[in-house]
C-alpha cells in the first residue's frame, strides 16, 4: 500500500455528492487466545451523507445480483458488525442478522485519550489513542494527514482516519489495507438496510438478546413446526423428516447458535445458559 496511490486527491474529492470512498480493513477476531483467528475483509463506505460498515462479501454477492438483475445469491454476516450512521454522528443503526433481520439503534460517543506516541505505517505517520468501549480497552492508530474522523465499526471521533485498531487482548484486530474511490454513491439497500428484501425489525439490544437466548433454549422450535406441517428440515446437508430426529440434533444446533458470533461488545452480549 503506497501513500501516493491510495489517498491521492481523497481530501478534495471525498464529499462530492455522488461519490463513495471505500476503505477496506482486514479483520482478525477470536473469542480468546486459545482460539485461532477468524479472518475477513470489511468495507467502510463513506459518502456525502452516510457511513456504512459491513462484511466485504456482501458487496461481492451484490455485484453478482446486479449483473443477473435479480437476487441469485444471498449472504449472512459472520461478524455481527453491520453499521450505518450519518456523517459526523455517533448514532448508529446496528443491523443484526439471525434468521429474522433486526436493527438496534445505539448512541456510541467515545471518550478518546490522545497519546504522544507515533509510528510509521506504509508511508504515513500514525498517532496513538486509547479508549474504553463495549467492555474492552482499545488502542487506535490514526493519521492526522487524512482528515476523516471515521474508522471501523462504531469507532470514530479522532482527528483523522483510523488505520489500525485492536483491543488490549488482541481478540479484535483491524488493519487498513486499501482505499477504493467509487464514482457513485454505493447503494447498500439490498444487504444493509434490508436483508435481500427482508425488512429490519427495530428492537432494543435487550430484546435482541432475549430472542437469541430463547432460540438457544428452544433451537428446534422453528424447524419442528415445519416438520409437523408435513415439511422437512435440512441441517448440515442432512435431510431430517421427523421431530425425534431433529431433537437429537439439539446440542449441535445450540452450539451453532452460541458460536456463530464473537460479540465485539461483550458487555452487550447474550447470556446463553448451559
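In the working numbering, the protein residues as written are 299 to 572.
Note that beta-carbon positions come from the ideal geometry of N, C-alpha and C, so glycine has one too.
Check each candidate in the options and name the one with the smallest Cα separation from residue i.
i: residue 408; options: 476, 388, 488 and 491; result: 388
i: residue 539; options: 526, 548 and 549; result: 526
i: residue 319; options: 330, 348 and 333; result: 348
i: residue 442; options: 322, 461, 537 and 520; result: 461
i: residue 337; options: 328, 343, 450 and 543; result: 328
i: residue 471; options: 346, 448 and 562; result: 562
i: residue 587; options: 376, 528 and 324; result: Because the chain in this structure spans residues 299 to 572, residue 587 falls outside the shown range and cannot be described.
i: residue 514; options: 558, 477, 529 and 494; result: 558
i: residue 473; options: 316, 323 and 448; result: 323
i: residue 504; options: 425, 493, 404 and 369; result: 404
Taking all protein chains shown into account, decide if residue i is buried (16 or more other Cβ within 10 angstroms of its Cβ) or exposed.
i: residue 340; result: buried
i: residue 571; result: exposed
i: residue 333; result: exposed
i: residue 569; result: exposed
i: residue 397; result: exposed
i: residue 285; result: Since the first residue shown for the chain is 299 and the last is 572, residue 285 is missing from the structure and cannot be characterised.
Let me know the secondary structure DSSP gives residue i once reduced to three states.
i: residue 456; result: coil
i: residue 546; result: coil
i: residue 346; result: coil
i: residue 356; result: helix
i: residue 310; result: At residue 310, the pLDDT of 43 sits below 50, so the modelled position is not reliable; the number obtained from the coordinates is stated separately. Here residue 310 sits in helix by DSSP.
i: residue 446; result: coil
i: residue 372; result: coil
i: residue 573; result: Limits of the chain in this structure are 299 at one end and 572 at the other, which puts residue 573 out of reach.
Alpha carbon to alpha carbon, how far is residue j from residue i? Give it in angstroms, no decimals.
i: residue 466; j: residue 541; result: 46 angstroms
i: residue 335; j: residue 381; result: 22 angstroms
i: residue 357; j: residue 364; result: 10 angstroms
i: residue 310; j: residue 551; result: In this predicted model, residue 310 has a pLDDT of only 43, less than 50, meaning its place in the structure is not dependable; the value taken from the coordinates is given anyway. Approximately 51 angstroms, taken between the alpha carbons.
i: residue 518; j: residue 420; result: 50 angstroms
i: residue 432; j: residue 444; result: 26 angstroms
i: residue 600; j: residue 485; result: The chain is shown from 299 up to 572; residue 600 falls before or after that span and cannot be answered.
i: residue 379; j: residue 393; result: 8 angstroms
i: residue 456; j: residue 434; result: 18 angstroms
i: residue 350; j: residue 479; result: 15 angstroms
i: residue 497; j: residue 402; result: 13 angstroms
i: residue 385; j: residue 353; result: 20 angstroms
i: residue 481; j: residue 522; result: 48 angstroms
i: residue 491; j: residue 391; result: 9 angstroms
i: residue 488; j: residue 414; result: 43 angstroms
i: residue 512; j: residue 545; result: 16 angstroms
i: residue 417; j: residue 330; result: 27 angstroms
i: residue 399; j: residue 499; result: 6 angstroms
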